[in-house]
Structures are given as structure tokens and as C-alpha cells.
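Numbering (this note's numbering), first residue to last: 125 to 295. Note that CB positions come from ideal geometry on N, CA and C, so glycine has one too. Scroll down for the structure; my scribbles are underneath it.
See the structure below:
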């Protein structure tokens, strides 16, 4: 059973989030602008404003592959777009090497237990993603929080998954 790994991963992620928050000595001003849709150019501006680098711009699929200053890579893909390129949702996600011992049963159990992220396998990678729905309006600052949550929680969850799979009884 993989249940214990989620507790450990959640605690690790919470500690990481607390530590990262405590280290912020001069917080950036909060961007209180409200948006109900974004364009690909808006997302380019948002992620580069966080000092992240766009390493691949897949305009045909409205996807940006982004790298943080520490080297962590994630994607931002626009969804629910109209003919003018204004999009009402953004999916952010990260992929990691598929942990050894991963089975479909384990993946299904993990996906059920992790409510804040979609968890699935694609191209032999373990993918964790979140969807931001902009209808009704969100502050631009919300992008910073959602991306930050992904950057902190996804690696901790993957580590917990790996540990849980390593400790799971074979059967």
C-alpha cells in the first residue's frame, strides 16, 4: 500500500513551502490586476517576470517550456482559447523520470490520493499538473503562487512516490 508515502511527501512539501516563505526577505510587490483570460504573450511576460527563461516556445500548441534559475523545468499551456488567442485556462505541469516499480495500480492509487495535481504517465514520464481556470477573474499574482506551488510540491511528491514504491511490499 502506498498510502504512507503521501503523508511524508505532504509534510516535506509543507516544510519546503514554509522554508521558502521564511527566506523571502524582500518580497516583490503583489500584482493585483485581475484577468479573465490571457494570451501566449501574456504568459511569456508573466513567466519571464519571475526571472524564468523560456527555453522552448511552441506557439502552435500555445505551450511554453520554461526553466527556473535553479534549472527546474515546467510547462505552461494555454487552454480554452478563442479565435483571437485569448485563453480562459492555463495548465502548468512538470514531468519527471518514471519511478522504478510504477504500476498502473500504484499510479491510480496515487492519482486518487493527490487531489491538488493531476498525476499521469506520458512518454515514459511521470507528469504532475494543475489547471488554472480564469473565468470570473483571478489576480495575476495567482500565477506566481500556482507556479511556485508546482515548483515546490511536485519534486517532493515525486520523491515521496519513489520512496513509497521502494518500500511497498512486492505482490
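Open item on the list: I'd like to know if the region 271 to 286 and the region 215 to 227 are in contact, where contact means that at least 3 CB-CB pairs between them fall below 8 Å.
Closed with: Because the criterion of three Cβ pairs below 8 Å is met, the region 271 to 286 and the region 215 to 227 touch.
Task: With 16 other Cβ atoms within 10 Å as the buried cut-off, status of residue 245 - done: Under this definition residue 245 is an exposed residue.
Task: Buried versus exposed, by CB contacts within 10 Å (16 or more), residue 250 - done: buried
TODO: Could you spell out the range, first to last residue, of the alpha helix (DSSP H) harbouring residue 277?
DONE: 265 to 291
Task: Meets three-Cβ-pair contact criterion under 8 Å: the region 174 to 186 and the region 227 to 239 - done: With a cut-off of 8 Å, the region 227 to 239 and the region 174 to 186 do not count as touching, because too few Cβ pairs lie within range.
TODO: Please work out which residues of its chain come closer than 8 Å, Cβ to Cβ, to residue 143, disregarding the five sequence neighbours upstream and downstream, and give them in chain order.
DONE: With a pLDDT of only 41 at residue 143, under 50, the local geometry of the prediction cannot be trusted, and no value is derived from it.
Open item on the list: Looking at residue 256: is its Cβ nearer than 8 Å to the Cβ of residue 266?
Closed with: Taking C-beta atoms as the reference points, residue 256 and residue 266 count as a pair closer than 8 Å.
- [ ] Look up residue 246 in the DSSP assignment and give the residues it is bridged to.
- [x] 249
TODO: Could you check what DSSP says for residue 255 in three-state terms: helix, strand or coil?
DONE: When DSSP states are grouped into helix, strand and coil, residue 255 belongs to the strand group.
TODO: Taking 8 Å as the threshold, find out whether the region 159 to 176 comes into contact with the region 188 to 207 through three or more Cβ pairs.
DONE: yes
Open item on the list: Please state whether the Cβ-Cβ distance between residue 156 and residue 263 is less than 8 Å.
Closed with: yes
Open item on the list: At 4 residues or longer, what runs of the alpha helix (DSSP H) sit wholly inside the region 187 to 239?
Closed with: If one requires a minimum length of 4 residues, the alpha helix (DSSP H) runs lying completely within the region 187 to 239 are 228 to 237, in chain order.
- [ ] Under 7 Å Cβ to Cβ from residue 192, same chain only, skipping five residues before and after it: list those, please.
- [x] 176 and 275
Task: Nearest candidate by alpha-carbon position, reference residue 240, set 278, 220 and 248 - done: Closest by alpha carbon: 278.
Task: Boundaries of the alpha helix (DSSP H) in which residue 181 is found, first to last residue - done: Boundaries for residue 181: no alpha helix (DSSP H) harbours it, while the beta strand (DSSP E) harbouring it runs 177 to 182, taken from the DSSP string.
Open item on the list: Taking its Cβ as the centre, do 16 or more other Cβ atoms sit within 10 Å of residue 182, making it buried, or is it exposed?
Closed with: With fewer than 16 other Cβ atoms within 10 Å, it is exposed.
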